Each structure stands twice: as C-alpha cells, then as structure tokens.
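Reading through the structure tokens given below for one structure.
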Amino acid sequence: MQFGIFYEHQIPRPWDERDEHKLFQDAIEQVELADRLGIDYAWEVEHHFLEEYSHSSAPEVFLAACSQRTQRIRLGHGIVLMPPAYNHPARVAERIATLDIVSNGRVEWGTGESSSRIELEGFGVHPDQKRDMWEEAVRETARMMDSSPYPGFEGKYFSMPHRNVVPKPVQKPHPPIWVACSNRETIKMAARMGIGALTFAFVDAEEASHWVDEYYTTFKNECEPIGRAVNPNIAMVTGFMCHEDSDTAVQRGLQGFQFFGYGLQHYYGTGTHLPGEFNIWDDFVKNGPKQQGPTGCIGNPEQVRKTLEIYESAGVDQVVFIQQGGNNKHEHIKESLELFSETVLPEFKARHDASSQRKTEELAPYVEAANQRIPPIEPISPNPPVDSYPVMMEKLGIPQDPAQRRSSILALLGAEPDPGDDD
2 MQFGIFYEHQ IPRPWDERDE HKLFQDAIEQ VELADRLGID YAWEVEHHFL EEYSHSSAPE
62 VFLAACSQRT QRIRLGHGIV LMPPAYNHPA RVAERIATLD IVSNGRVEWG TGESSSRIEL
122 EGFGVHPDQK RDMWEEAVRE TARMMDSSPY PGFEGKYFSM PHRNVVPKPV QKPHPPIWVA
182 CSNRETIKMA ARMGIGALTF AFVDAEEASH WVDEYYTTFK NECEPIGRAV NPNIAMVTGF
242 MCHEDSDTAV QRGLQGFQFF GYGLQHYYGT GTHLPGEFNI WDDFVKNGPK QQGPTGCIGN
302 PEQVRKTLEI YESAGVDQVV FIQQGGNNKH EHIKESLELF SETVLPEFKA RHDASSQRKT
362 EELAPYVEAA NQRIPPIEPI SPNPPVDSYP VMMEKLGIPQ DPAQRRSSIL ALLGAEPDPG
422 DDD
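Position one of the sequence shown corresponds to residue 2 (this note's numbering), numbered consecutively onward.
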C-alpha cells in the first residue's frame with residue numbers, strides 16, 4: 002500500500018493579505034518534506050469560489066512549483082474539473098502534458114466535475130449535464146494526448162477541428178487517469194471505465210474491503226476504457242495527524258479534519274453562503290462537532306498503524322492523508338509526517354513491492370482484455386490544410402488594406418455599403 006498527502010488549501014476567516022502567501026509556501030515546503038521522507042503522492046484539488054474551504058483554484062501552478070522542489074513524489078491533480086466551461090479539453094491536455102514534462106513524468110491525472118452550486122453556476126454548468134460533460138471531455142482529452150494530429154470532434158458539449166495538441170506528455174499514452182468518487186456507484190463507474198477511484202467517502206477502514214471488492218470485480222468483468230490505457234487503482238482519503246501522545250494528536254489534527262467535513266457540507270449540502278461575507282469558521286465553532294478521542298489516522302503511531310493495516314488487508318492501493326485543514330499548524334504537520342515516516346511507513350514500504358507484483362500478475366489478463374476494447378481514433382473528416390489569415394484573404398481576393406477589405410467583403414456578401422459610412 003502507498004501513501005499520499007492531499008491539499009485543499011484551507012484558510013478559515015479572518016485572514017489578511019499575508020496569510021494566503023504563507024499557506025501556499027508552507028504547503029510547498031510540506032510536499033518537499035514528504036518527498037524526502039518517502040511519501041508516494043501529493044494531491045492538489047481544483048475548486049473555485051469556495052472561500053475558507055478551498056483556495057486551490059490553479060492546481061497546475063502549485064504542482065508545477067512542487068515539481069521543481071521535489072525528485073520522486075508523484076504529483077496528482079485531485080482533481081481537474083473537466084466540464085468544458087471550467088477548462089476546455091485542449092487546455093487540459095496541454096497543461097497536463099506540460100506538467101508531466103517539467104516533472105519528468107510524475108503526473109497523475111485526476112478528474113471530476115464538482116457538485117457545488119457556487120462553482121457550477123459560477124461557470125454556467127448545468128448540474129444535470131455535468132456527468133455527461135465530464136465523460137465527453139475526459140475521453141477526448143485522452144485522445145488529444147495520444148494523437149498526432151487529433152482528428153477533431155463534434156460533440157454535444159464542445160467541438161474542435163483537426164489540430165495537433167502539443168506538447169505531448171512523457172508518460173504514454175497519457176498520465177494515469179483517476180476520478181473523484183463519493184459513493185459506491187461512482188466507484189463502480191470508475192472500474193467500468195478503467196480509471197482509478199479517488200475516494201472521498203471517508204468510509205470506515207472495515208467497510209473499505211466491500212468497496213475494493215466491488216471495484217476490482219467490476220474492473221475484471223465490465224471494463225470499457227474511457228482513456229487510451231487503464232489505471233486499476235483505488236485510493237481512500239482520511240484525516241491524519243500522528244504524535245507519540247494520542248491526546249496531542251487529537252488536539253493538533255481532529256478539529257482541522259472536522260472543519261474539512263463541515264466546509265464540505267456547507268457548500269455541497271446544507272449551507273447557505275453569502276460570498277465574501279459568510280464566516281464558515283465561526284459557524285463551525287458554534288455548531289460543528291466537538292473534539293473527541295483518536296479516530297482513523299489521527300492518533301499515536303500504533304493507532305495509526307492498526308488503522309492502516311485494516312486498509313491494507315482490505316486491498317486499498319493508496320491511503321491519502323488530509324492533514325492541512327482548518328487551523329492545523331505547519332509545524333505540527335511536518336512533525337507528524339516525520340514521526341509517521343520513522344515509525345510506521347517503513348514496514349508498509351517493505352511489503353509494497355511484493356504486493357504490487359502480485360496485483361500486477363493477477364490483473365494482467367484483465368488489463369490486456371480491457372486494452373483490446375480501446376477503440377481506434379477515427380477522424381470525423383479529412384485533415385484539411387489551414388491557411389493563415391493573409392493567405393486566406395489572398396485566395397478570396399480580399400485586399401489587405403482595411404478600407405478596401407471592407408468594401409470587398411461587402412461585395413462578396415452581396416451587400417451595399419452604408420451611404421453614410423465614410424469607411
């Protein structure tokens with residue numbers, strides 16, 4: 002089993018102009034530390050307008066900065082919002098490929114759609130269409146990275162002519178694809194499409210085995226890849242803070258993890274938000290859950306180890322730690338990572354290579370069968386040459402002089418010039 006760290010870039014009110022700068026610089030330093038300690042993945046979300054809960058609106062920039070301060074850690078988009086109103090598929094393909102190049106092939110391409118009204122209506126995305134938008138965009142973005150040239154597409158939510166989308170990623174045909182999952186149905190959908198399940202359902206470790214079994218059973222029996230390669234993996238997200246004293250771990254980490262859940266519920270569930278004015282942190286302090294004892298991966302090393310062993314025995318491929326939440330302190334996060342890497346991580350590292358090899362061998366025939374079901378990329382029409390504007394105008398007999406050009410265009414259109422227009 003492998004391990005990741007996850008960032009929303011949370012910053013409860015009140016904050017001043019220096020706080021966001023410190024938040025991002027601290028996070029880069031934490032990723033740099035995680036890389037040195039042997040943590041496998043760093044995941045960064047994309048959200049918009051979700052003040053306090055997530056100030057991570059440009060993850061490709063943050064991850065590119067991390068790529069230049071690290072050597073080995075995988076850099077995960079957790080996730081890219083794929084409906085075209087958020088990000089045109091060609092722009093996603095270009096940014097993913099560029100990040101893969103500058104990171105020397107370390108990108109994980111997580112995908113999603115969001116379900117918060119603040120985001121969806123902010124970009125004009127209809128909630129009933131977002132899943133279909135996601136599917137259309139993911140499929141075509143993968144094809145853009147695997148085609149030279151991309152043969153064009155005429156879809157329901159976006160269309161694009163023949164173009165060669167450059168650069169191409171280091172990882173061929175494209176970086177591994179994941180999708181954010183919040184329930185068992187989306188996990189099964191991920192398996193059917195041959196992509197990794199990045200699970201935010203916060204299931205109990207004992208419940209995880211049922212989710213894992215369903216994922217891999219579905220992958221083996223029903224996979225029809227949405228991408229140009231498959232990525233059978235399931236990751237589960239949980240709160241994290243490790244300290245030799247479990248009470249101290251709770252004091253340092255539980256409230257931040259609870260605020261993560263409270264902010265999520267505010268924007269996605271029961272909240273009413275007044276942009277720029279509503280104080281989620283105050284509301285959380287007044288109405289949120291009160292701190293309790295150790296839970297999940299918030300505790301001392303032995304408690305964290307026991308929880309992770311349950312995930313491991315369930316067949317979870319990766320556990321992703323939420324450590325930067327609420328007002329959790331930078332120094333405590335670093336101390337927690339260091340203690341975990343000294344006391345818990347080595348034994349999981351020692352077991353990972355053998356278990357990964359067994360998984361690869363077991364899935365090999367199913368991966369091969371799924372890859373055989375990846376359809377060829379068919380052009381929608383012959384690849385036409387594209388004249389520059391001056392060449393096009395010359396062919397049409399349109400003068401280069403602006404005044405003459407207007408008259409010529411009007412003549413081509415069969416329109417009379419306006420007598421009162423001197424131009």
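Glycine residues also receive a C-beta, built at the ideal position from the N, C-alpha and C atoms. Since this is a predicted model, take the numbers as computed values, not measurements.
Determine the direct distance from the alpha carbon of residue j to that of residue i, and round the result to whole angstroms.
i      : j      : result
Gly316 : Ser210 : 7 Å
Val346 : Val180 : This sequence places Leu at residue 346; Val is not what is there. Leu346 and Val180: Cα-Cα distance of roughly 26 Å.
Pro457 : His163 : Only positions 2 to 424 of the chain appear in this structure, which leaves residue 457 out of reach.
Asn1   : Ala91  : With the chain covering only 2 through 424, there is no way to say anything about residue 1.
Pro383 : Met161 : 14 Å
Lys335 : Arg352 : 25 Å
Thr249 : Trp110 : 36 Å
Ala365 : Ile227 : 18 Å
Pro403 : Val387 : 22 Å
Pro302 : Val321 : 16 Å
Met194 : His175 : 15 Å
Val108 : Gln69  : 13 Å
Hey, residue i and residue j: beta-carbon distance below 9 Å or not?
i      : j      : result
Ile381 : Phe159 : no
Phe285 : Gln325 : no
Asn222 : Ala202 : no
Phe50  : Phe25  : no
Ala59  : Gly5   : no
Glu207 : Ile281 : no
Leu331 : Asp27  : Sequence check: residue 331 is His here, not Leu. Contact flag set, yes.
Gly240 : Cys298 : yes
Tyr87  : Val139 : no
Leu199 : Ala236 : yes
Pro84  : Met134 : yes
Met146 : Ile102 : no
Arg232 : Ile188 : In the sequence under discussion, the amino acid at residue 232 is Asn, which differs from the Arg named in the question. Result no, Cβ atoms of Asn232 and Ile188 do not sit closer than 9 Å.
Gly272 : Pro170 : no
Under 8 Å: does the beta carbon of residue i sit that close to some heavy atom of the ligand ZN?
i      : result
Leu340 : Within the structure as shown, the ligand ZN is missing, as the structure has no ligands at all.
With a 10 Å radius around its C-beta and 16 neighbouring C-beta atoms as the bar for buried, classify residue i as buried or exposed.
i      : result
Val19  : The identity of residue 19 in the sequence shown is Arg, whereas the question assumes Val. With fewer than 16 Cβ atoms within 10 Å of its Cβ, Arg19 is classed as exposed.
Tyr54  : buried
Ala416 : exposed
Thr71  : buried
Gln319 : buried
His22  : exposed
Thr218 : exposed
Tyr390 : exposed
Lys157 : exposed
Ala230 : buried
Val392 : exposed
Ser314 : exposed
Val167 : exposed
Ser149 : exposed
Return helix, strand or coil for residue i, following the three-state DSSP convention.
i      : result
Leu309 : helix
Arg37  : helix
Phe159 : coil
Ile399 : coil
Glu9   : coil
Arg406 : helix
Gln325 : coil
Val320 : strand
Gln72  : coil
Arg19  : helix
Ile29  : helix
_In chain order, each alpha helix (DSSP H) run of at least 4 residues that lies wholly inside the segment 78–157_ = Counting only runs of 4 or more residues that sit fully inside the segment 78–157, the alpha helix (DSSP H) segments are 90–103, 118–123 and 131–146, in chain order.
*What residue ranges within the segment 235–292 form continuous beta strand (DSSP E) runs of no fewer than 3 residues, ordered along the chain?*
235–243
*Can you give, in chain order, each stretch of the alpha helix (DSSP H) that sits fully within the segment 173–211 and has at least 4 residues?*
185–194
*alpha helix (DSSP H) runs contained entirely in the segment 39–70, provided each spans 4 or more residues*: 60–68
*asked:* Going residue by residue through the segment 358–402, where are the continuous alpha helix (DSSP H) segments of at least 4 residues, counting only ones entirely within it?
replied: 390–397
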